[in-house]
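Notes follow the structure.
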Amino acid sequence: MFPPDRLAAWTQGRWTSLPAALIRGFNPDSRTLQPGQVFVALRTEARDGHDFLAAAAAAGAAAALVAHPVDGVELPQLVVPDPLGALQQIARLHRQSSGVKAIGISGSAGKTSTKDLLARLLGEAPAVLATEGNLNNHLGVPLTLLRLEPGVTRYAVVEAGINMPGEMRGLAAMVQPDCALVTLVAPAHLERLGSIETIAHEKCELLRWLPPGGLAVFPWSAWQHAPFRHLAADVCVAVPAGEEPEAGAERGQFFGYTVLHGAEHTELVLRNGGHSRRFRLRRVSDGMAQNAVLALLMASALGVDDFALQQRLSGWTPARLRGELRQIGAQHVYLDCYNANPASMADALAVFQQLAPAALPRLFVLGGMEELGADAADYHRRLGAGLRMRDGDLVFAVGPHAAAVAEGMLAAGNTRSQVRTADGLDAIRAHLAQFQGAVFVKGSRRFQLETLFVDAAAPAAAH
43 MFPPDRLAAW
53 TQGRWTSLPA
63 ALIRGFNPDS
73 RTLQPGQVFV
83 ALRTEARDGH
93 DFLAAAAAAG
103 AAAALVAHPV
113 DGVELPQLVV
123 PDPLGALQQI
133 ARLHRQSSGV
143 KAIGISGSAG
153 KTSTKDLLAR
163 LLGEAPAVLA
173 TEGNLNNHLG
183 VPLTLLRLEP
193 GVTRYAVVEA
203 GINMPGEMRG
213 LAAMVQPDCA
223 LVTLVAPAHL
233 ERLGSIETIA
243 HEKCELLRWL
253 PPGGLAVFPW
263 SAWQHAPFRH
273 LAADVCVAVP
283 AGEEPEAGAE
293 RGQFFGYTVL
303 HGAEHTELVL
313 RNGGHSRRFR
323 LRRVSDGMAQ
333 NAVLALLMAS
343 ALGVDDFALQ
353 QRLSGWTPAR
363 LRGELRQIGA
373 QHVYLDCYNA
383 NPASMADALA
393 VFQQLAPAAL
403 PRLFVLGGME
413 ELGADAADYH
423 RRLGAGLRMR
433 DGDLVFAVGP
443 HAAAVAEGML
453 AAGNTRSQVR
463 TADGLDAIRA
473 HLAQFQGAVF
483 VKGSRRFQLE
493 TLFVDAAAPA
503 AAH
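Start counting at 1 in the sequence shown, then tack on 42, and there's your number in the numbering used here.
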C-alpha cells in the first residue's frame with residue numbers, strides 16, 4: 043500500500059484531490075492497468091499518457107501521476123514536474139524503506155536467464171520477487187521495485203540492463219543492491235557504449251553500489267578487467283577449469299568449477315579450499331553452465347543449502363525463446379531468438395553443434411546482431427568465418443549485415459551454395475516447410491525469428 047501523503051512528500055507533488063481507494067501499485071499502460079493502481083502518464087515520441095487518463099479511470103485506477111492536471115476526468119491526480127522521475131523516486135524510497143534484501147544482476151549476455159534461475163534457487167513467490175521478463179531499464183526497474191511487499195518479500199532479484207554510458211548509475215541508485223552478480227563482460231550495445239572497457243566500467247558500476255560486506259559474484263573473465271579488481275565489496279569469482287588466479291591475487295574468494303556435459307544433463311563441480319560440491323541440471327550451453335555456477339554461488343552465500351539448491355535446479359527450464367530445444371515435426375529446433383551479440387551467438391552455436399544429430403543436415407537461420415557500432419560488419423564477418431559446414435548444411439543470414447556473414451563464410455572455405463542472404467523471412471519459411479533435419483535459429487529481437495514456427499509459444503523441451 044502507498045499512502046497518498048507519503049507519495050506527495052516523496053515526489054514534492056500536489057494532489058488535485060485525495061484518492062478514496064487504496065493505492066496498490068503503479069502502471070504506465072492503461073490497457074493492463076488493474077483496479078487500485080496509479081496510472082503513470084508518460085510522454086513518448088509515439089504518444090502522451092495524459093491522453094489515456096479516461097481509459098485508466100474506466101479500468102479502475104486509484105489515481106494518476108501526471109505532469110499537468112487533466113480536466114474532465116474523475117480521477118485524483120498527483121501533479122509532478124516529471125512523472126518518470128517521480129516514479130523512479132518513489133521506487134527508490136520504497137525500496138530503501140522495505141527491509142528487503144536486493145540482488146542486482148547485469149551482464150552483456152545471460153542476464154534474464156540467470157535472474158530467473160537465481161530467483162528459483164532462492165525460493166518461491168511471494169518471499170522471492172524477480173524482474174518480470176526483461177523489464178530491466180529506466181522504467182522496468184522502478185516498476186519491479188514497486189512490487190516489493192515489506193514484511194512479505196524477503197529477496198528481490200532485480201535485472202539491470204543498459205545501452206549507454208551513465209545509465210547503470212541511475213538503475214543502481216534505485217536498486218541499492220545488497221549483493222550483485224555480473225554474468226559477462228563482452229561486446230554488446232557497442233553502438234552507444236563504444237568499447238569493451240566502457241562496458242566493463244558500466245557493469246562494475248552496479249557492484250560499486252554494494253554496502254560494506256555486500257557480495258559481488260562474477261566470472262573469471264570479468265576479473266581480467268581492471269574495474270573488477272578494485273572493488274570495496276566482498277568478491278566471489280567463478281574460475282573455470284584450466285585457469286588459475288595469478289600470484290598475488292589475494293582479494294576475493296576464488297571458486298574453481300568444472301562443467302561436464304552429457305547427452306541429456308550437465309553436471310557442475312564446484313571446488314573451494316579442497317572441498318568439492320556437485321550439481322546436476324538439464325543440458326545447457328557452456329555459457330549457461332557458467333551462469334548456473336554464478337547463481338549457485340550467490341544462493342549458497344545467501345544461506346540456501348545444497349539439498350535445496352539441487353532440488354530447485356532439477357526443476358529449472360529455460361524461458362521461452364531463450365535456448366529452447368524443440369521437436370517440431372521432423373525438425374530438431376534450437377530456438378534462441380530473444381537477443382544476440384557475438385558472445386551469446388558463439389555460445390548458442392557451440393551447444394547446437396554438439397547436440398544436433400550427426401546424421402542430419404543442419405539449417406542455420408542467423409538473424410543480425412544489433413547495436414555493434416562501427417565494427418558491426420566485422421563482427422558479422424567473424425561469425426560467418428567461424429561456421430564450418432557439412433554436406434547438406436545451409437545458412438540463411440538475415441538483416442543488414444547478412445552479406446558480411448556470407449563474406450566470412452566464403453573466406454573460410456565454405457561454398458556459395460551453402461549460404462543465402464535474406465531481407466525478410468518468406469524464403470526461409472518456404473525452405474523450412476520442406477526441410478527435415480536440425481534447425482538453429484538465433485538473432486536479435488528485431489527480427490522476430492520465432493514467427494517462423496507456428497507453435498513457437500509451445501512449452502520448451504528439455505535442454
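Backbone N, C-alpha and C fix where the C-beta goes; we use that ideal spot for every residue, glycine too.
Keep in mind it's a predicted model, so treat the numbers as computed, not measured.
Three-state class that DSSP yields for residue 44 in the structure shown: It is coil, neither helix nor strand.
Note down, one range per segment and in chain order, each beta strand (DSSP E) of at least 3 residues found wholly within the segment 407-493. Entirely contained in the segment 407-493, the beta strand (DSSP E) runs reaching 3 residues are, in chain order, 436-440, 461-464 and 480-484.
How close, in whole Å, do the beta carbons of residue 68 and residue 185 come, if the pair is a contact with beta carbons under 8 Å? Their Cβ separation, rounded to whole angstroms, is 7 Å, which keeps residue 68 and residue 185 in contact under 8 Å.
Which first and last residues belong to the beta strand (DSSP E) in which residue 71 is found? No residue range can be given for residue 71, since it is assigned to no beta strand (DSSP E) and is classified by DSSP as neither H nor E.
Classification of residue 162 by the beta-carbon crowding that lies within 10 angstroms, buried from 16 upward: Around the beta carbon of residue 162, a 10 Å sphere encloses 16 or more other beta carbons of the protein chains shown; the residue is thus reported as buried.
Rounded to the nearest angstrom, how far is the Cβ of residue 483 from that of residue 376, given a contact under 8 Å? With 8 Å as the limit, residue 483 and residue 376 qualify as a contact, their Cβ atoms being about 7 Å apart.
Tell me which residues share the same chain as residue 504 and place their Cβ nearer than 6 Å to its Cβ, disregarding the 5 neighbours each side in the sequence. The predicted model places residue 504 with a pLDDT of 35, which falls under 50 and marks its position as unreliable, so this point remains unresolved.
What did DSSP end up calling residue 150 once you bin it into helix, strand or coil? Shown here, residue 150 sits in coil according to DSSP, grouped into three states, outside any helix or strand.
Opening and closing residue of the alpha helix (DSSP H) in which residue 335 lies: Annotation for residue 335: the continuous alpha helix (DSSP H) segment containing it runs 328-343.
Same chain only: Cβ atoms within 6 Å of residue 373, ignoring 5 sequence neighbours per side: Closer than 6 Å at the Cβ level, and outside the excluded window around residue 373, lie 481.
Please report the distance separating the alpha-carbon of residue 50 from that of residue 120. Approximately 7 Å, taken between the alpha carbons.
Note down the Cα distance separating residue 353 from residue 81, rounded to an integer number of angstroms. Their Cα atoms are separated by approximately 40 Å.
Is the beta carbon of residue 447 less than 7 Å from the beta carbon of residue 428? Annotated as distal: residue 447 and residue 428, with beta-carbon spacing of 7 Å or more.
Strictly by DSSP, which residues pair up with residue 299? Paired residues: 282 and 312.
Closer than 8 Å is the cut-off here; do at least three beta carbon pairs connect the segment 145-157 with the segment 72-89? The segment 145-157 and the segment 72-89 do not touch, with fewer than 3 CB-CB distances between them shorter than 8 Å.
Give me the residue from 73, 64 and 486 with the minimum Cα distance to residue 413. Ranking 73, 64 and 486 by CA distance to the CA of residue 413 puts 486 first.
Minimum C-alpha distance to residue 168 - residue among 441, 139, 284 and 199: Comparing Cα-Cα distances from residue 168 to each of 441, 139, 284 and 199, the minimum goes to 199.
Roughly how many angstroms separate the alpha carbons of residue 270 and residue 246, rounded to a whole number? Here the alpha carbon of residue 270 sits roughly 6 Å from the alpha carbon of residue 246.
Using only the alpha-carbon positions, how far apart do residue 76 and residue 177 sit? Looking at the two C-alpha atoms, the distance is approximately 18 Å.
Between 314, 461, 175 and 392, which lies nearest to residue 423 when the distance is taken from Cα to Cα? Looking at the Cα atoms, 461 is the closest of the given residues.
Residue 279 to residue 394 span [Cα, whole Å]: Roughly 28 Å separates the two Cα atoms.
Does residue 152 pass the burial test, meaning 16 or more other C-beta atoms within 10 Å, or should it be called exposed? Buried, because 16 or more other Cβ atoms sit within 10 Å of the Cβ of residue 152.
Considering only residues of the segment 253-280, which uninterrupted beta strand (DSSP E) runs meet the minimum length of 3 residues and lie entirely inside it, listed in chain order? Qualifying beta strand (DSSP E) stretches, in chain order: 257-261.
Neighbourhood of residue 125 by C-beta distance below 7 Å, restricted to the same chain and skipping five residues each side: Around residue 125: 82, 83, 84, 107, 108 and 109.
Comparing alpha-carbon positions, which option in 417, 466 and 449 lies nearest residue 440? Ranking 417, 466 and 449 by CA distance to the CA of residue 440 puts 466 first.
Top-ranked residue by Cα proximity to residue 211, from 171, 396, 259 and 243: For the residues 171, 396, 259 and 243, the minimum Cα distance to residue 211 belongs to 243.
Ignore the nearest five residues each way along the sequence and tell me which others in residue 52's own chain have a CB closer than 7 Å to its CB. Excluding positions up to five away in sequence, the list reads 131, 132 and 135.
Where residue 511 falls, given that 16 or more other Cβ within 10 Å makes a residue buried: Residue coverage of the chain in this structure runs from 43 to 505, which leaves residue 511 outside it and unanswerable.
Go ahead and label residue 478 buried or exposed: buried means 16 or more other beta carbons lie within 10 angstroms of its beta carbon, across all protein chains shown. Exposed is the call here.
Reducing DSSP to helix, strand and coil, say where residue 385 ends up. Looking at residue 385 - three-state DSSP - the assignment turns out to be helix.
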